[in-house]
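Keeping their order, the protein sequence lines are chains A and B.
Positions 50 to 277 (the working numbering) are the ones given, in order, by the first sequence.
Positions 3 to 481 (the working numbering) are the ones given, in order, by the second sequence.
No residue lacks a Cβ here, since even glycine has one placed at the ideal position from N, Cα and C.
As the structure is a prediction and not an experimental result, all values here were calculated from the model.
Below: the structure, in structure tokens.
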Amino acid sequence: MAKKDIIGLIRENVIQGRVVQDDESLDGGMVGEPGVTELVEEALAKRLDVRDIINKGLTEAMTLVGQKFENKEYYIPDMLASAEAVGAAMKLLEPHLAQSGIKPKGKVLLATVKGDLHDIGKNIVTILLRGAGYTVKDLGNNMEPQSIVNAVRVEKPQFLGLSALLTSTMVNMGDTIQALEESGLRDNVKVIIGGAPVSEEYAKSIGADGYGSDGFQALAVIESLTST
Amino acid sequence: MIRKGLAGGSYQPLTKESIAKIDQTVMRVVEEVGFEVNSEAALKLFERAGARVDREELRARLPEAKARELIGMAPPEVKLCGQEEKHDVLLGGNRVYTGTGGTALYIYEPASKQTRSATLKDLKRIARLVNRLDNIHLFMLPTYPNELPIEQVDANRFFAGLDNTTKHVMGGVYTLGGIKQVLRIAEIAAGSAEELLERPLISMIGCSISPLKMDANYGDLVIEIAQRGIPLVCPAEPLCGATSPITLAGNLVIQTTDSLMGVMLSQIVKPGTPVIFGSVATNTDLRDLKYLAGSVEMGLLNAAGAQMAQFYHLPFYATGGMTDSKVLDAQSGYESAMSNLLCALAGANFIHDGAGMMEFALTACYEKFVIDNEILGMVMRAVDGIKVNDDTLAFDLIKEVGPGGNFVAAKHTRRFMRREHYQPTLSDRNSREEWEAKGGKALWQKASEKVRRLIADPKYHLPAEVRQQILSEITGIVD
Numbered sequence: 050m051a052k053k054d055i056i057g058l059i060r061e062n063v064i065q066g067r068v069v070q071d072d073e074s075l076d077g078g079m080v081g082e083p084g085v086t087e088l089v090e091e092a093l094a095k096r097l098d099v100r101d102i103i104n105k106g107l108t109e110a111m112t113l114v115g116q117k118f119e120n121k122e123y124y125i126p127d128m129l130a131s132a133e134a135v136g137a138a139m140k141l142l143e144p145h146l147a148q149s150g151i152k153p154k155g156k157v158l159l160a161t162v163k164g165d166l167h168d169i170g171k172n173i174v175t176i177l178l179r180g181a182g183y184t185v186k187d188l189g190n191n192m193e194p195q196s197i198v199n200a201v202r203v204e205k206p207q208f209l210g211l212s213a214l215l216t217s218t219m220v221n222m223g224d225t226i227q228a229l230e231e232s233g234l235r236d237n238v239k240v241i242i243g244g245a246p247v248s249e250e251y252a253k254s255i256g257a258d259g260y261g262s263d264g265f266q267a268l269a270v271i272e273s274l275t276s277t
Numbered sequence: 003m004i005r006k007g008l009a010g011g012s013y014q015p016l017t018k019e020s021i022a023k024i025d026q027t028v029m030r031v032v033e034e035v036g037f038e039v040n041s042e043a044a045l046k047l048f049e050r051a052g053a054r055v056d057r058e059e060l061r062a063r064l065p066e067a068k069a070r071e072l073i074g075m076a077p078p079e080v081k082l083c084g085q086e087e088k089h090d091v092l093l094g095g096n097r098v099y100t101g102t103g104g105t106a107l108y109i110y111e112p113a114s115k116q117t118r119s120a121t122l123k124d125l126k127r128i129a130r131l132v133n134r135l136d137n138i139h140l141f142m143l144p145t146y147p148n149e150l151p152i153e154q155v156d157a158n159r160f161f162a163g164l165d166n167t168t169k170h171v172m173g174g175v176y177t178l179g180g181i182k183q184v185l186r187i188a189e190i191a192a193g194s195a196e197e198l199l200e201r202p203l204i205s206m207i208g209c210s211i212s213p214l215k216m217d218a219n220y221g222d223l224v225i226e227i228a229q230r231g232i233p234l235v236c237p238a239e240p241l242c243g244a245t246s247p248i249t250l251a252g253n254l255v256i257q258t259t260d261s262l263m264g265v266m267l268s269q270i271v272k273p274g275t276p277v278i279f280g281s282v283a284t285n286t287d288l289r290d291l292k293y294l295a296g297s298v299e300m301g302l303l304n305a306a307g308a309q310m311a312q313f314y315h316l317p318f319y320a321t322g323g324m325t326d327s328k329v330l331d332a333q334s335g336y337e338s339a340m341s342n343l344l345c346a347l348a349g350a351n352f353i354h355d356g357a358g359m360m361e362f363a364l365t366a367c368y369e370k371f372v373i374d375n376e377i378l379g380m381v382m383r384a385v386d387g388i389k390v391n392d393d394t395l396a397f398d399l400i401k402e403v404g405p406g407g408n409f410v411a412a413k414h415t416r417r418f419m420r421r422e423h424y425q426p427t428l429s430d431r432n433s434r435e436e437w438e439a440k441g442g443k444a445l446w447q448k449a450s451e452k453v454r455r456l457i458a459d460p461k462y463h464l465p466a467e468v469r470q471q472i473l474s475e476i477t478g479i480v481d
């Protein structure tokens, strides 16, 4: 199989959300054909450039998936399946990153804030960020401001993502940022927030660094903050 | 995913006993009251088949046994073909298909809220539009080209249909000369007369006149169509309180009898000829006797008609999906949804008028075809019902996800989401902010945009040599 073919197949299989060969494509086909895991293994065995696998295979595919999601052709589960495929690929590629001169993308801590048990949105962001090559630590839900501060101190992430679904709990995002300030850790980490009731304006009002209206937006915000 | 030909029948407004009583009454009417046959040829055929004929009253009365024998000769299934095989349908049983209907004289334009006279160009453009609307399975010629003399109407209508959609083309016909031209056009399009019989690309409609009367012209048309073996629809249009008893049961007796009159005549002409039992039954506005197209009773009557057709083992042509509203408003939506849904759930084989029609069936509307395509998609989803098996019950998944988990990222979700849940083609599901950001458009505006897009791209036409042959052989076709 030619080099271009394998990378093209990786791209196609990410778009189809196929992690392994047993997975089905969007229309229920392709079962038994190699998935992203098998293809990446093959690409590594053939010593293809890790950079090409990531840029031309995984990243290009996720850009297309993002467009399909924006165009309402893809639903959240489609997007998650694709992100999962990329996550699986990144796991295989991880040991090869350093020797290819690729820097890891950074670490993100995620939490649903105090009083809020809703974690679907946060879990989606977790999968998407992992799919984009970030190291993600998911702290869980109903997290006290102080517990989040402690985790930031120990884990030393570049990003902290806070989530809330309720108007009654979103105020706890502000309290968490306040607690970070008080502990002197605020400048060590960029804070982004998301969740149905919050907005760009609200993010500004509580002193957050960014706001993502959905999973892809969260990723886009983190990417833009990475480059600054 | 396109849903068509799925089994309906979960909604049954008539009990078995009710069906038997309606049938017994129909047979008494056929035998004791009889029907008036104004076509000399048709009257002779009924007489030869064993009817008692009163020449003074032009009345034919058939003995019950003979009537049942004739009905039994009609095939239980009728195949209607498209120029592309994927559009073929097999009417019969309780399988549900949808289509447009006719025949409207006007076009409603929602931007100006005005109507105007329908032209041949409208018919061509609507055919092209419906060709792209997946939840409309059959194309019945929905508008009348007002600018043409009646002798040119049949050929032009059917040519417009065949030249702009690959779906099956059904239509009412107006003149005997027209029918002959239409059959020739269809033969050329199919390749030959034999190929047309094998794959009927067109079908025709011959209406009786309720109550209990066969018009001279339509009697002759039915005979001509049956002789040629082209699928024929025999609908009846009794109106409660006007041309039938006010009661729905009484209406069903008249509708069944009148439609069976055409079915029986077709079998006398040629046993086994493909014929479709049909209903356009509805009620009237008793203030002025207007025909009503959007009443809930119309839905009930046509759902019951489907049960009667299933009882006689005849394919069924139902009427549903219209509105009496003059604009694209809430009334237009709920009336169209109501009767389409009732007919489909009853297992009506072909719901005609299912899309595009408003204002007592006088008016068609481009945008409404698009809106009704969405209604029909939802209706077909309802017909599809709820599948219960180990895969859909998903015990293993529930066990795996456990308390407090979620199913968003499960492969099971992705595998079933498009199959289990109807994907809207027009309805707005944006948040208020998104909707406002996109211009805060009303449904009809979105439908207008879709009409423009679908009509523009890409055009279907008959193969060049077929077109050429039709245009050179048939006079009076406006290209």
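(request) Say whether chain A places a C-beta atom closer than 7 Å to the C-beta of R383 of chain B. (result) So, not an interface residue.
(message) Which residue marks the beginning of the alpha helix (DSSP H) containing E71 of chain B, and which one marks its end?
(response) From DSSP, the alpha helix (DSSP H) with E71 of chain B extends over 66–75.
(request) Starting from the beta carbon of L129 of chain A, find every residue of chain B whose beta carbon is closer than 7 Å, and list them in chain order. (result) Simply V410, A411.
(request) Might you give, ordered along the chain, the residues of its own chain that have their beta carbon closer than 7 Å to the beta carbon of C83 of chain B, omitting 5 neighbours on each side? (result) For C83 of chain B, where only same-chain residues beyond five positions count, the Cβ hits under 7 Å are D90, H170, R201, P202, L203.
(message) Does chain A have any CB closer than 7 Å to the CB of R416 of chain B?
(response) With 7 Å as the cut-off, R416 of chain B counts as an interface residue toward chain A.
(message) Cβ closer than 9 Å: which chain A residues qualify as neighbours of M419 of chain B?
(response) Near M419 of chain B (Cβ distances below 9 Å), the residues of chain A are Y124, P126, D127.
(message) Going by DSSP, what residue range makes up the alpha helix (DSSP H) through I270 of chain B?
(response) 250–271 is the extent of the alpha helix (DSSP H) around I270 of chain B.
(request) Would you mind sorting E376 of chain B into buried or exposed? The rule is 16 or more other CB atoms within 10 Å of its CB. (result) By the 10 Å Cβ count, E376 of chain B comes out buried.
(request) Could you confirm whether any beta carbon from chain B is found closer than 7 Å to the beta carbon of I64 of chain A? (result) For I64 of chain A, no Cβ of chain B is located within less than 7 Å of the residue's own Cβ.
(message) In this structure, how does DSSP classify A412 of chain B when only helix, strand and coil are distinguished?
(response) Coil, per DSSP.
(message) Residues in the same chain with beta-carbon distance under 8 Å from I241 of chain A, minus the five sequence neighbours each way, listed in chain order, please.
(response) Closer than 8 Å at Cβ, skipping near neighbours: F208, L209, G210, L211, A252, A257, D258, G259, Y260, G261, A267, V270, I271, L274.
(message) If you follow the alpha helix (DSSP H) that T284 of chain B is in, where does it begin and where does it stop?
(response) No alpha helix (DSSP H) contains T284 of chain B, which is instead part of the beta strand (DSSP E) from 284–287.
(request) For D165 of chain A, return the contacting residues in chain C, with the cut-off set at a CB-CB distance below 9 Å. (result) Absent here is chain C; the protein component of the structure consists of chains A and B.
(message) If I measure Cβ to Cβ from C242 of chain B and keep anything under 6 Å in the same chain, skipping five residues before and after, which residues do I get?
(response) In chain order, I248, N253, N285 place their CB closer than 6 Å to the CB of C242 of chain B, counting only its own chain and leaving out the 5 sequence neighbours on each side.
(message) Once the 5 residues before and after E33 of chain B are set aside, which same chain residues still bring their CB inside 7 Å of it?
(response) Contacts found: R63, L64, P65, E66.
(request) For C345 of chain B, name the three-state secondary structure that DSSP assigns. (result) Reduced to three states, the DSSP call for C345 of chain B is helix.
(request) My understanding is that F103 of chain B touches P144 of chain B, with C-beta atoms under 8 Å, so please give their C-beta distance in whole angstroms. (result) For clarity, residue 103 of chain B is Gly in the given sequence; the question names Phe instead. Indeed they touch by this definition, with Cβ atoms about 6 Å apart.
(request) With Y110 of chain B as the anchor, note down where its beta strand (DSSP E) starts and where it stops. (result) Unbroken beta strand (DSSP E) run through Y110 of chain B: 108–111.
(message) Give me, in chain order, the residues of the same chain whose beta-carbon lies closer than 7 Å to that of L125 of chain B; leave out the 5 immediate sequence neighbours on both sides.
(response) So the qualifying residues of the chain are L143, T145, P147, R159, A162.
(message) Which residue wins for smallest C-alpha separation from V35 of chain B, given the options B:L60, B:A43, B:K18, B:E19?
(response) Looking only at B:L60, B:A43, B:K18, B:E19, the smallest Cα-Cα distance to V35 of chain B is reached by B:L60.
(request) Please state whether DSSP places D56 of chain B in a helix, a strand or coil. (result) Judged by DSSP in its simplified three-state form, D56 of chain B adopts strand.
(request) Return the bridge partner residues of R118 of chain B from the DSSP annotation. (result) Looking at the DSSP output, R118 of chain B sits in a beta bridge with B:I109.
(request) Would you mind sorting L188 of chain A into buried or exposed? The rule is 16 or more other CB atoms within 10 Å of its CB. (result) By the neighbour-count criterion, in which a residue is buried when 16 or more other Cβ atoms sit within 10 angstroms of its Cβ, L188 of chain A is buried.
(request) Return the chain-ordered list of same chain residues with a C-beta closer than 6 Å to the C-beta of G180 of chain A, the five sequence neighbours on each side being excluded. (result) Contacts found: A132, V135, G136.
(request) Per DSSP, which residues does E38 of chain B bridge with? Please list them. (result) Bridge partners of E38 of chain B: B:R61, B:K215.
(message) I want to verify the contact list: residues of chain B whose CB lies under 7 Å from the CB of E73 of chain A, in sequence order.
(response) Within 7 Å Cβ-Cβ: R417.
(message) Taking CB distances under 7 Å as the criterion, tell me whether I169 of chain A reaches chain B.
(response) Residue contact check for I169 of chain A against chain B: a CB pair falls below 7 Å.
(message) For V28 of chain B and I256 of chain B, what's the separation of their Cα atoms in angstroms?
(response) Computed Cα separation, rounded: 8 Å.
(request) For I271 of chain A, go through chain B and note every residue whose CB falls closer than 7 Å to its CB, in chain order. (result) Chain-ordered listing is empty here: chain B has no CB closer than 7 Å to the CB of I271 of chain A, the nearest sitting near 20 Å.
(request) Reducing DSSP to helix, strand and coil, say where I4 of chain B ends up. (result) I4 of chain B carries a coil assignment under DSSP once its states are collapsed to helix, strand and coil.
(request) With H354 of chain B as the anchor, note down where its beta strand (DSSP E) starts and where it stops. (result) For H354 of chain B, the uninterrupted beta strand (DSSP E) segment begins and ends at 352–354.
(request) Can you pull the chain B residues whose beta carbon is under 8 Å from the beta carbon of G197 of chain A, in chain order? (result) One point to set straight first is that residue 197 of chain A is Ile, not Gly, in the sequence displayed. Per Cβ cutoff of 8 Å: no residues; I197 of chain A is ~20 Å from chain B at best.
(request) Please work out which residues of its chain come closer than 6 Å, Cβ to Cβ, to N137 of chain B, disregarding the five sequence neighbours upstream and downstream, and give them in chain order. (result) Residues of the same chain with a CB within less than 6 Å of the CB of N137 of chain B, apart from the 5 flanking positions on each side, are N375, L378, G379 in chain order.
(message) For F279 of chain B, report the span of its beta strand (DSSP E) as first-last.
(response) Run containing F279 of chain B: 277–281, per the beta strand (DSSP E) assignment.
(message) Let me check understanding here. Comparing Cα to Cα, which of A:T86, A:V201, A:Q65 lies closest to L229 of chain A?
(response) In terms of CA proximity to L229 of chain A, A:V201 leads the group A:T86, A:V201, A:Q65.
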